[in-house]
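Enquirer:
Residue numbers (our numbering), protein chains in the order written: chain A, 1 to 385; chain B, 386 to 770.
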């Protein structure tokens, strides 16, 4: 990689990312993560823009729901539009009209979910495109090059994710390989204003998780992610891993729980000390008609909403709730008018960002545990009622 | 229909619609159409909201592209959400978040395009739902009731549209039935603030068109539409009908060319004296990647746009052109990201509304013919170049 690809980026010459915990309440933390393109207040949720757009949602709408950072997918962007186009257009930010921070994953999770198309060895991952079947190789170094072409602010190391259950030997092998790859990623060239996060693997085995924490956290990554969860294990198993692991991770570095999850997962994760989350759930579920509210989930396709003139959530200030009734949204989704899932996507993202904002405020006021219990009780009462 | 359904409507007790031609240039006219929900400046294009939303576009975006009036489809809204829901939610305007005027068609064109599902007799049209096969009857009176439930500002009479070519006898029968039905619609109860437009049929036969004009225009409709064009005949044949017919229609009433058309059709129609247009073309073509610009059409899927950092149209001020490059829109459409067709829909509507706005200004300044020739020349030179 020549320095040419870094040309004109606000990341070149920018000061290194800086994270600071400003308040704690139990294991929960509220912090600030300063990056070249802006400050992220944590805990935060990151909307997912898989192929260069957060599905159905415009950058203006992302700003209106108070997104502070979004996520892009290295695997998908590598295949479409490809590295050459990304370099030619000057990176993803200007191209898609998003000027705040962006995190890119490494492709590791896609090789897990498209496992039949991928082969792992020490070099990296050889895979076939899910679009046209063409052959490709991702090495740790290549993954960092691609993320530089995207121009993301936070870059994830290439990791080896296993489906659970897996044998302890397989988990240990994948974990050790992930460590070696993480260090190769950390050594790769990058702009001064960028952050590199390592990914802790180890499945649901506490000893392996602790070993991987020790192996990775001694190195100078800018943050640490928890990978390989929410891949089919029961929520209580994931919560147990989080409760034992997260608070033992470095206090001075941001902690990112990858690909998680439901609103309850977010609150449980924050309670365990997680600072950052991403998940396709708010946008993907919106496209199926599922809506998240202060009173739990509802499916707008339900006949009960046919003439319901109330908003999705009467405390919500999003464009869907302030402009349209459940009745109208029910009609749009049933009639397959795409304005429906579009408005539900905006609402769900707004709800997720409101939720982490409330958690942040509760932590700052030393009230997190009571807020979490109230939040759970309201969901539980609505969903059992 | 009891007066109950008219309750709370701004159309009840409102003064009757008033149209005034303010400037003419050749046969072209610029006018004002005052309705209870606002003033329409003509010539105007009306975006089509078939099933209760202009596909992919929010009311805010409709306002941003300077839509003055939109169209709803009686047939589609009758099937979904249905008259009972429309009455319960207080009509389509508040439900969909649109407070400016709305025109509703009568279903006549849908029975033409879904002809295998419809049978005509003097009562009306018996038809099977294209959704679930259920049986229904639209009479002229019923169509006016449904449009009252929708709460539209301008209501179209039920008409009998024939596919072309058709025999003179068949054309005459359909035309005479359309006249009888139009008078039944005019006699139906309606709110004081509403307008009823008759529809002139007669295919491409000048004598029949003139006969239908004479039969209908002696009655006190608020406006007259030209139906049954752009149904497969060559553009030049349609232009010939318009050039002979439109300027002979009442000067003091608005003239509406239904379901038309391309940008060129709009300019030719305005030249012939048409005041109002509607068409799905800007939104439907957007969903296929077709973009209308000052330099003619382009398909954004074309590989030439892969790294084209220019806007769709460099004189356009829409959200797509001011925020995104051809390159990014090309990517979105190719990757099937629905933000792509959404942004193209906004652009195409903006282009259509800009075009009629330019025509209006040219008429007011007595410069219409020169403006039209320049506009045609720019399209022609780009498309042949």
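Here a beta-carbon is modelled for each residue, glycine too, at the ideal position from N, C-alpha and C.
#1: Since residue 184 of chain A and residue 141 of chain A should fall inside the 8 Å C-beta cutoff, what is the C-beta to C-beta distance between them, to a whole number of angstroms?
#2: Quick one: what's residue 25 of chain A bridged to in DSSP?
#3: Using a cut-off of 8 Å between C-beta atoms, extract the partners of residue 307 of chain A located in chain B.
#4: Of the residues that make up the stretch 306 to 336 of chain A, which ones have a beta carbon closer than 9 Å to any beta carbon in chain B?
#5: Verify the CB distance criterion: does residue 56 of chain A have a CB-CB separation below 7 Å to chain B?
#6: Quick one, which of B:460, B:723 and B:712 has its alpha-carbon nearest residue 84 of chain A's?
#7: Identify which residue in B:554, B:412 and B:586 has its Cα closest to the Cα of residue 543 of chain B.
#8: Return the first residue and the last residue of the beta strand (DSSP E) that residue 642 of chain B is part of.
#9: Are there any heavy atoms of the ligand FMN lying less than 6 Å away from the beta-carbon of residue 702 of chain B, as far as the coordinates show?
#10: If I measure Cβ to Cβ from residue 293 of chain A and keep anything under 7 Å in the same chain, skipping five residues before and after, which residues do I get?
#11: If you pair each beta-carbon of the stretch 45 to 52 of chain A with each one of the stretch 340 to 360 of chain A, do three or more pairs fall below 8 Å?
#12: Quick check on residue 545 of chain B: does DSSP put it in helix, strand or coil?
#13: If we call anything under 7 Å between Cβ atoms a contact, is residue 772 of chain B one with residue 730 of chain B?
#14: What does the alpha-carbon distance come out to for the pair residue 608 of chain B and residue 634 of chain B?
#15: Answer yes if the stretch 317 to 324 of chain A comes into contact with the stretch 294 to 305 of chain A, meaning at least three C-beta pairs across the two stretches below 8 Å, and no otherwise.
#16: Mind checking which residues open and close the alpha helix (DSSP H) that includes residue 748 of chain B?
#17: Taking the continuous beta strand (DSSP E) assigned at residue 143 of chain A, which residues delimit it?
#18: Indicate the three-state DSSP secondary structure (helix, strand or coil) for residue 516 of chain B in the structure shown.
#19: Can a CB atom of chain B be found closer than 7 Å to the CB of residue 289 of chain A?
#20: Along the chain, which unbroken stretches of the beta strand (DSSP E) at least 3 residues long are found entirely within the stretch 449 to 476 of chain B?
#21: If you draw a straight line from the alpha carbon of residue 388 of chain B to that of residue 460 of chain B, how long is it in whole angstroms?
#22: Quick one: grab the DSSP three-state call for residue 2 of chain A.
#23: Please confirm if residue 80 of chain A has its CB atom under 7 Å from at least one CB of chain E.
#24: Just to confirm before moving on: does the CB-CB distance between residue 273 of chain A and residue 246 of chain A stay below 7 Å?
#25: Using beta carbons (cut-off 7 Å, strictly below), is residue 480 of chain B in contact with chain A?
#26: Near residue 768 of chain B, which residues of its chain fall below 6 Å by C-beta distance, leaving aside the five closest residues on each side in sequence?
#27: Let me make sure I understand the geometry here. Which of A:95, A:15, A:169 and A:226 has the alpha-carbon closest to that of residue 197 of chain A?
#28: Can you have a look at residue 61 of chain A and say buried or exposed, based on whether 16 or more other CB atoms are within 10 angstroms of its CB?
#29: How far does the beta strand (DSSP E) with residue 585 of chain B in it reach, from first residue to last?
#30: Any idea if residue 73 of chain A is buried or exposed, counting beta-carbon neighbours within 10 angstroms, 16 or more meaning buried?
#31: Quick one: does residue 537 of chain B have its CB under 7 Å from some CB of chain A?
#32: Could you tell me whether the stretch 212 to 223 of chain A touches the stretch 186 to 197 of chain A, where touching means 3 or more Cβ pairs closer than 8 Å?
#33: Does the distance from the C-beta atom of residue 545 of chain B to that of residue 567 of chain B stay below 7 Å?
#34: Give, in chain order, every unbroken run of the beta strand (DSSP E) that is at least 3 residues long and sits entirely within the stretch 656 to 703 of chain B.
#35: Taking the alpha carbon of residue 652 of chain B as the point to measure from, which residue in B:660, B:465 and B:757 has its own alpha carbon closest?
Expert: On the basis of the supplied data:
#1: 6 Å
#2: A:28
#3: 470, 473 and 474
#4: 306, 307, 309, 319, 323, 324, 325, 327, 328, 330, 331, 332, 334, 335 and 336
#5: yes
#6: Residue B:712 holds the alpha-carbon nearest to the alpha-carbon of residue 84 of chain A among B:460, B:723 and B:712.
#7: Ranked by Cα distance from residue 543 of chain B, the options B:554, B:412 and B:586 are led by B:586.
#8: 640 to 642
#9: This structure does not include the ligand FMN; it has no bound ligands of any sort.
#10: 312, 313 and 351
#11: yes
#12: coil
#13: Within the shown structure, residues of chain B are numbered from 386 to 770, placing residue 772 of chain B beyond reach of any answer.
#14: 10 Å
#15: Contact annotation: the stretch 294 to 305 of chain A does not touch the stretch 317 to 324 of chain A, with fewer than three C-beta pairs closer than 8 Å.
#16: It spans 724 to 749 - the alpha helix (DSSP H) in which residue 748 of chain B sits, taken as one unbroken run.
#17: Where residue 143 of chain A is concerned, there is no enclosing beta strand (DSSP E), although the alpha helix (DSSP H) it sits in stretches over 140 to 150.
#18: coil
#19: no
#20: 455 to 457
#21: Because the pLDDT of residue 388 of chain B is 45, which lies under 50, any placement of that residue in the model is unreliable, and the number read from its coordinates should be weighed accordingly. When rounded, the distance between both Cα atoms is 23 Å.
#22: The pLDDT assigned to residue 2 of chain A is 44, lower than 50, so where the model puts this residue is not dependable, and the model offers no usable value.
#23: No chain E is part of this structure, whose protein chains are labelled A and B.
#24: Their beta carbons are under 7 Å apart, which means residue 273 of chain A touches residue 246 of chain A by this criterion.
#25: yes
#26: Result list for residue 768 of chain B: 681, in chain order.
#27: A:226
#28: buried
#29: 580 to 585
#30: Classification for residue 73 of chain A: buried.
#31: no
#32: The count of Cβ pairs closer than 8 Å, one atom from the stretch 212 to 223 of chain A and one from the stretch 186 to 197 of chain A, reaches three, so the stretches are in contact.
#33: no
#34: Assignment of beta strand (DSSP E) within the stretch 656 to 703 of chain B, counting only whole runs of 3 or more residues, yields 661 to 663, 675 to 678 and 681 to 684 in chain order.
#35: B:757
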